[in-house]
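Participant: Residue numbers (the UniProt record's numbering): 1 to 307.
Ideal Cβ positions, reconstructed from N, Cα and C, are used throughout, including at glycine.
Given the structure is predicted, the values throughout are model-derived calculations rather than measurements.
My structure is below; once you've seen it, I'll send some questions.
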Amino acid sequence: MSTCAWMYHNGRIVPYEQAQVHAFSGAVKYGAGVFEGLRGYWNEESGELWIFRLREHLERLRFGMRALRLDAVFETDELERAMIALARANELRENTHFRMIAYIEGDDELAGTGPVGLVAGAVKRPPSARVETGIHVGISSWQRIADNALPPRVKCTANYINNRAAELEARAAGYDGVLMLTADGKLSEGSGACLFLVRDGRLVTPDKGSDILESITRDTIMTLARDELGLEVVERRVDRTELLLAEEAFLCGSGQEVLPVISVARQAVGTGAPGPLTRALQNAYFDLVCGRTAHHADWRTPVWGGR
Ligand code: PMP
């Protein structure tokens with residue numbers, strides 16, 4: 001993440017340099033923290049920066065804190081206002097990426113639950129060119145972490161050592177991205193995004209028992225597919241060989257948006273180019289997040305509110 005002029009830290013908007021943590025904190029010693037990444041989309045016509053599904057991200061952060069038994073430190077309403085204040089402090093009138101982390105600031109040994117720090121930053125982030133071109137992915141030799149070990153449903157910072165290993169391995173092999181498998185060899189998810197396939201015109205995605213993060217974008221895509229495109233959506237266990245039978249595949253996440261997967265392990269998916277349903281879902285997604293449709297206005301939080 002590049003830097004921003006102003007950060008949110010423990011209830012205050014502070015200069016970037018002041019958002020610090022001790023080197024012996026639980027966050028550094030054990031990776032004891034949970035985080036969220038989300039986006040805001042600038043709409044030139046309405047002069048508004050729309051934060052997408054902010055409440056759902058804050059609620060997932062609270063769930064993660066509960067799962068890690070971190071001491072509670074914020075109210076959702078209060079943090080919602082803080083994120084708006086952060087975007088305003090950084091004068092963001094362009095596409096933005098927000099990151100927030102709740103972490104153990106204290107230096108207790110393993111079982112400490114606080115004090116808990118809360119930090120957030122917001123930086124401009126233009127759309128990725130890969131959304132247009134699609135990506136080539138490999139299948140990782142690293143197994144996806146399991147719910148009874150390091151639960152992927154909890155967006156814990158320590159979990160991401162698993163994703164990082166997969167991503168580094170894939171990049172060393174010349175791929176743009178990676179898919180991970182569960183302990184029993186079923187498709188799970190990417191390193192920071194969930195997977196969808198198109199099979200016989202239906203959307204298929206690994207179910208919530210497939211060691212995935214319960215992705216907010218995955219939920220958005222399923223809603224758009226059903227409500228806007230009239231598609232059937234199936235959540236189930238998915239075999240890796242289904243990638244060879246799929247007409248299309250894509251990854252989705254707040255950061256990665258809707259990213260066509262055009263080959264897996266150097267074998268083309270479908271025609272080897274982004275497919276028509278992926279394109280239709282991309283269009284519906286960007287119309288939604290940018291506020292170019294009235295659909296689900298409740299999912300967009302305005303930063304400027306006419307200011
Ligand atoms: N899976 C993983 C492992 C992720 O890190 C992310 C990004 N948060 C996603 C899926 C997508 O989740 P979301 O749509 O909520 O951003």
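#1: Would you check if the distance between the CB atom of residue 249 and the CB atom of residue 197 is smaller than 9 angstroms?
#2: State the beta-bridge partners of residue 34 as determined by DSSP.
#3: Suppose you measure from the CA of residue 8 to the CA of residue 236; what does that come to, to the nearest Å?
#4: Who does residue 29 pair with in a DSSP beta bridge?
#5: To the nearest angstrom, how far is the alpha carbon of residue 50 from that of residue 289?
#6: Would you kindly work out how many angstroms separate the C-alpha atoms of residue 216 and residue 75, rounded to a whole number?
#7: May I ask you to list the residues that DSSP assigns as paired with residue 43?
#8: Which residue or residues does DSSP assign as beta-bridge partners of residue 121?
#9: Between residue 36 and the ligand PMP, is there a pair consisting of the residue's CB and a ligand heavy atom that are separated by less than 8 angstroms?
#10: Residues bridged to residue 138 by DSSP?
#11: Count the CB pairs spanning the stretch 224-241 and the stretch 75-87 that are closer than 8 angstroms, and state whether there are at least three.
#12: I need the DSSP call for residue 113, collapsed to helix, strand or coil.
#13: Out of 266, 70 and 177, point me to the one whose CA is closest to residue 193's CA.
#14: Would you say residue 194 touches the ligand PMP, meaning its beta carbon is less than 8 angstroms from a heavy atom?
#15: Return the chain-ordered ranges of every beta strand (DSSP E) run that is complete within the stretch 180-254 and spans a minimum of 3 residues.
#16: Pair every Cβ in the stretch 127-146 with every Cβ in the stretch 242-262, then say whether three or more of these pairs are closer than 8 angstroms.
#17: Could you give the DSSP three-state label for residue 304: helix, strand or coil?
#18: Assign residue 22 to buried or exposed, taking buried as 16 or more other Cβ atoms, counted over all protein chains shown, within 10 Å of its Cβ.
#19: Could you say if the stretch 158-171 and the stretch 218-232 meet the contact criterion of at least three C-beta pairs nearer than 8 angstroms?
#20: Candidates 71, 112, 57 and 239: which alpha carbon is nearest residue 98's?
#21: Going by the CB atoms, is the gap between residue 211 and residue 188 shorter than 9 angstroms?
#22: Measure from the alpha carbon of residue 32 to the alpha carbon of each residue in 238, 67 and 59, then state which is nearest.
#23: Leaving out five residues on either side along the sequence, give the residues of the same chain with a beta carbon under 6 angstroms from the beta carbon of residue 175.
#24: Name the residue from 5, 159, 48 and 266 whose alpha carbon lies nearest to the alpha carbon of residue 94.
#25: Would you say the beta carbon of residue 33 is closer than 8 angstroms to some non-hydrogen atom of the ligand PMP?
Facilitator: Put simply:
#1: yes
#2: 102 and 156
#3: 39 angstroms
#4: Answer is none; residue 29 lacks a bridge partner.
#5: 7 angstroms
#6: 20 angstroms
#7: 48
#8: 99
#9: yes
#10: 178
#11: no
#12: coil
#13: 177
#14: yes
#15: 187-190, 194-199, 202-206, 233-236 and 248-253
#16: yes
#17: coil
#18: exposed
#19: no
#20: 57
#21: yes
#22: 67
#23: 136, 137 and 138
#24: 48
#25: no
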